[in-house]
Every structure is written in C-alpha cells, then in structure tokens.
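J.: I have a structure I would like to understand better, so I am pasting it below and will then ask my questions one at a time.
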Amino acid sequence: MKGLSKKQFGWIKIIVAIYAMLGIAFYYLQEKILFHPWPIPTGQVFEFKEPFVETYLRLDELTSYSLVQFKSTDSITKGVVLYFHGNKGNINRYAKFAKNFTRNGFEVWMIDYPKFGKSTGELSEANLQEMALQLYKLARVRYEPVQIILYGKSMGTGIAAQLASIRDCKQLI
253 MKGLSKKQFG WIKIIVAIYA MLGIAFYYLQ EKILFHPWPI PTGQVFEFKE PFVETYLRLD
313 ELTSYSLVQF KSTDSITKGV VLYFHGNKGN INRYAKFAKN FTRNGFEVWM IDYPKFGKST
373 GELSEANLQE MALQLYKLAR VRYEPVQIIL YGKSMGTGIA AQLASIRDCK QLI
C-alpha cells in the first residue's frame, strides 16, 4: 500500500482547515445559535388569564430574575411546580402551560433566564444553576420537598435535572 499522494494530502489539509474554522465559528456563535431570548422592558405589565403574582429573585446587583407565580385554582394547594422553560422566548411564550398544573391544585413558578424577558445578568451555566438553586430555596420556604415538582421543557430539562440531582423533590418531569 502506497502513502498519500501530494494531491490527497492537500485535500486532507483543506478539509481539516475547514473543520477547524467551523469549530471556531461555532464556539464564538454558540450563544446566538443556542439561545433565542425575547427581552421585554421591566416596566411592561404581564397580562395572563390565570391568577398570578409577579416578583423578582435578585442574585446580586447585576443579576435579577423575573419570576411569575401562577396560583392554584383549588382552595387547597397541593404543591408547586418549578417550571424551567426552553431556549426561546420568555415567560409570555410558556404561560399558557401553567393551567395544566394550576387546575390540578398546584402553583406554577416560571422564571426567566438572564437576558430573557425582564431578567438581567450574564447567561452562563453557573448562573442558570445558581438561579435554579435559589428558586428551589425560595420554594422550600413554603413547601416541603414532597410538594415540589421540577419541570423542564427543552433547554430547561438540563436545568431541572441538575437541580433534581442535588435537591430532593417529589418528581422531575
């Protein structure tokens, strides 16, 4: 078997160079490729059909998470669903799913990631994990672990699964 000819070696170099350039391009463009936030002004008022309370979960001076708490339609609340949405939009896009839980006696707490909706701060894996942990701690003020359901949709599945791996909950969906 003979070695590679100059022509074959030249083609291999071109393919490797293209592959490397694509890898570098994807590295620098990954945030734009993976995340599609819809920021909205902090003064904008949410309008949902379900009863809700809007609040903020403040991490530090630069990082604040927009949180909407949809209330249960039952007189007795069974627990809370911590809802981590997908990589596109904001709470407005996912609010319609809250009724699936509220009509069954659960509160639903939806939180926007940094740069999504009214939330501020740097979008990073560490910040997403810290956001989820702080939301869980806030839920623990009112609910026992057996009353907390972690729900992840699309990108939110990773956040919910990571949180479930370090904190007790009733269920991971």
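Under this note's numbering, read the sequence shown as residues 253 to 425, first letter to last. Quick reminder that beta carbons are idealized off the backbone N, C-alpha and C, glycines included.
1) Taking the Cβ atom as the reference point for each residue, do residue 321 and residue 297 lie within a distance shorter than 8 Å?
2) Please classify residue 337: is it buried, with 16 or more other beta-carbons within 10 angstroms of its beta-carbon, or exposed?
3) For residue 340, name the three-state secondary structure that DSSP assigns.
4) Could you work out which residue in 316, 365, 353 is closest to residue 288 when comparing CA atoms only?
5) Do residue 331 and residue 386 count as a contact pair if the criterion is CB distance below 8 Å?
6) Just verifying my parser: in three-state terms, what is the DSSP assignment at residue 397?
7) Quick one: what's got a C-beta closer than 8 Å to residue 290's C-beta in the same chain, skipping five residues either side?
8) Which same chain residues end up closer than 7 Å to residue 253 when comparing Cβ atoms and leaving out the 5 residues on each side of it in sequence?
9) What does the alpha-carbon distance come out to for the pair residue 277 and residue 271?
10) Compare the C-alpha of residue 357 against each of 379, 350, 328, 375 and name the closest.
11) What separation, rounded to the nearest whole angstrom, lies between the Cα atoms of residue 311 and residue 264?
12) Tell me, to the nearest whole angstrom, how far the beta carbon of residue 334 is from that of residue 319; I am working on the premise that it is less than 8 Å.
13) What three-state label does DSSP hand residue 362 in the structure shown?
T.: Reading off the structure:
1) no
2) buried
3) strand
4) 365
5) no
6) For residue 397, the three-state secondary structure derived from DSSP is helix.
7) 340, 341, 342, 344, 345, 368, 369
8) Any answer about residue 253 is weak, because its pLDDT of 47 lies below 50 and its placement is not dependable; what the coordinates show is given next. Nothing listed; no residue qualifies.
9) C-alpha separation (whole angstroms): 10 Å.
10) 328
11) 50 Å
12) 10 Å between Cβ atoms; not a contact.
13) strand
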